[in-house]
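**Student:**
Numbering (mature numbering (1 follows the signal peptide of the UniProt record, and there is no 0)), first residue to last: -25 to -1, 1 to 416.
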């Protein structure tokens, strides 16, 4: 008599063999031509595995978006930096692509008070207050937000107004700007999980798209091919066309996964679906302003403003020191970014100029040109990058990554990276990891 387990193995053999045959006959379809998707496709190509990359936009890169509106000066509207050049995979890619790097330093910084007066600030006490608050939250029975941990701490209750202002600036500059999430949503337990590479941070003065162009070489990439649905063995485009797929790699941003606009023909693994539902998308927006002259100190990379509204136009990068260009980049993150996104381009530039006049005086020149971003309104990203919200369960990013549907469906992207989430190098590493796992015997 055939035992039940042996019978099930025999009964299941036929569909499994059929699925394997389809996998051999059709290419791996990669959805999304951002850093993760391109990295996965190149790694598979190097192993001799055929791929087709489907990209909804009319360009590659995803959240790598270099604008060449100013022909003499490429501006990165998405990712800008290699964060930590030592051992970072992007450093090797930059070398192979022949891309020049421009180091920036937080040591070359200028800090201004609300009225524009230069301030020599001592963040020591504010850092100690924030550190103690987060350590206290670690000992709590339940997770809570960073901001709740800070404002419910004993130190906050007794802190003078000036120290509270510095804590607010520190929370914005080191947490909200870094992770894109509001301090009222960032997990006090897990908001700062992850790792960093050593070394300096560096910009791409000729554009980050040199990296994506390098990664795209030799790949079959089909632009303006938005995918509406995936099922084992096929993907369906928005116009109804179907493309056969041996296996499918989904590399789209978390925001798109959470939106439900990409339909899955079968239910996802429950842990994977829980990760999609729990993780959140952060927001960091940019305003590039170009002037007819350098009207601010030219020996700094960073300008920090402790303005009247904490977090609003609080962080700036200057290209005067590194490139001798009259260009400033203003950042807004999380809630401040949402507030500024409601403005049109002209109003955004005007608001940025008002902040600069408050910082440097009423004679500060008007910008001659501006470029602004609204990443939460981009239909293919719906945000900038993922962060760890209150209530995150450890391991949920790992649950999002990897295989589903008996190996017919795979996921990669910065949101799948446990250690390097929210970064460009995290996307590269995730794409390479999924390719290695898919190709493994």
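Positions of the beta carbon are idealized from the N, C-alpha and C atoms, including for glycine. Just so we're clear, the structure is a prediction, and the values are computed from it rather than from any experiment.
1. Return helix, strand or coil for residue 405, following the three-state DSSP convention.
2. So, with DSSP's three-state summary, where would you put residue 122?
3. Count the other C-beta atoms from every protein chain shown that fall within 10 angstroms of the C-beta of residue 245, then say buried if there are 16 or more, exposed otherwise.
4. Pull up the CB-CB distance for residue 37 and residue 65, whole angstroms please, since I reckon it's below 8 Å.
5. If you measure between the beta carbons of residue 316 and residue 260, is that distance less than 9 Å?
6. Residue range of the beta strand (DSSP E) that residue 377 falls in?
7. How far does the beta strand (DSSP E) with residue 176 in it reach, from first residue to last?
8. Closest to residue 186 by C-alpha separation, out of 160, 319, 204, 51, would be which residue?
9. Count the other CB atoms within 10 Å of the CB of residue 284; is the residue buried (16 or more) or exposed (fewer)?
10. By the three-class DSSP mapping on this structure, what secondary structure does residue 400 have?
11. Beta carbon of residue 157, beta carbon of residue 310: below 9 Å?
12. Anyone know if the C-beta pair for residue 205 and residue 384 falls short of 9 Å?
13. Taking only three categories from DSSP, how would you classify residue 135?
14. Taking the alpha-carbon positions, what's the residue 180 to residue 75 distance?
15. Can residue 161 and residue 120 be called in contact, C-beta distance under 9 Å?
16. How should residue 44 be labelled, buried or exposed, when 16 other C-beta atoms within 10 angstroms of its C-beta is the threshold for buried?
17. What is the residue span of the beta strand (DSSP E) that residue 305 lies within?
18. Please say whether residue 101 and residue 144 have beta carbons closer to each other than 9 Å?
19. Suppose contacts are defined by Cβ-Cβ distances below 9 Å. Is residue 407 in contact with residue 391 by that definition?
20. With 16 other CB atoms within 10 Å as the buried threshold, where does residue 343 fall?
21. To the nearest whole angstrom, what separates the beta carbons of residue 413 and residue 324, a pair I think is in contact under 8 Å?
22. Using the beta-carbon count (16 or more within 10 Å), is residue 71 buried or exposed?
23. What does residue 42 pair with, by DSSP beta-bridge criteria?
24. Under a three-way DSSP split, which group does residue 64 fall into?
25. Give, in chain order, every unbroken run of the alpha helix (DSSP H) that is at least 4 residues long and sits entirely within the segment 178 to 258.
26. With DSSP as the reference, identify every bridge partner of residue 9, one or two as the case may be.
27. Cα-Cα, which of 270, 164, 352 is closest to residue 338?
28. Compare the beta carbon distance of residue 256 and residue 359 with 9 Å and say whether it is the shorter of the two.
29. Quick check: the Cα distance between residue 378 and residue 222, rounded to an integer number of angstroms?
30. Leaving out the 5 sequence neighbours to the left and right, which residues in its chain are closer than 8 Å to residue 63 when beta-carbon positions are compared?
31. Three-state secondary structure (DSSP) at residue 386?
32. When the distance is taken between beta carbons, is residue 335 closer than 9 Å to residue 169?
**Tutor:** Put simply:
1. helix
2. helix
3. exposed
4. The Cβ separation is near 15 Å, so there is no contact.
5. yes
6. 377 to 379
7. 176 to 178 is the span of the beta strand (DSSP E), which, as asked, contains residue 176.
8. If we check each option's Cα against that of residue 186, 51 comes out closest.
9. exposed
10. helix
11. yes
12. Yes. Within cutoff.
13. Correct three-state label for residue 135: coil.
14. 7 Å
15. yes
16. exposed
17. 302 to 308 is the extent of the beta strand (DSSP E) around residue 305.
18. yes
19. Going by C-beta atoms, residue 407 is not nearer than 9 Å to residue 391.
20. Around the CB of residue 343, fewer than 16 other CB atoms lie within 10 Å, so the residue is classed as exposed.
21. That belief does not hold up - the Cβ atoms of residue 413 and residue 324 are roughly 45 Å apart, past 8 Å.
22. exposed
23. 50
24. DSSP, read as helix, strand or coil, puts residue 64 in helix.
25. The segment 178 to 258 contains these whole alpha helix (DSSP H) runs: 184 to 191, 229 to 234, 245 to 253.
26. In DSSP, residue 9 forms a bridge with 36.
27. 270
28. A contact, by the Cβ cut-off of 9 Å.
29. 10 Å
30. Setting aside the 5 residues that flank it on each side, residue 63 is surrounded in the same chain by 57, 172, 174, 400, each with a C-beta closer than 8 Å to its C-beta; the list follows chain order.
31. Three-state DSSP puts residue 386 in a strand.
32. No, the Cβ-Cβ distance between residue 169 and residue 335 is not below 9 Å.
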